[in-house]
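Heads up: the sequence shown at position 53 corresponds to 53 in this note's numbering, and the numbers run straight through without jumps.
Reading through the structure tokens given below for one structure.
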Amino acid sequence: MRFLYKRPKAELVYEELDDVMEVMASDVFIFLDLFLFSLIFTLLLAPVIDSLGMAVLFFIASYSLFSGLYFFVFKKMTFTR
């Protein structure tokens, strides 16, 4: 059965890995991740939050905080290199 499977060349594998790393490290994907983490964080704290308005406000605040941390910590590090 092993003779039926032909291994791809190393260059092709590296190109595919570069494509995956480029997508995973893109700003859109990171901000989508931060959105989902903020949403999960808000939903887990829903029993503690009093009203729906406060939950929305908490979600916006947590998303802003996480996005700000990402921008000011990681983006500033890439600009200084």
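Think of the CB as a built atom: it goes at the ideal place given N, C-alpha and C, for glycine as much as any other residue.
Everything numeric in this text was worked out from a predicted model, so none of it was measured.
Each residue's CA atom was taken as its position, placing Leu69 and Lys9 some 40 Å apart. Annotation: Val48 to Phe59 spans about 13 Å, alpha carbon to alpha carbon. In the three-state DSSP reduction, Ser62 falls in the helix class (H, G or I). No Cβ-Cβ contact shorter than 8 Å links Val23 with Phe31. Approximately 6 Å separates the beta-carbon atoms of Phe66 and Ser38; this is inside 8 Å, confirming the contact.
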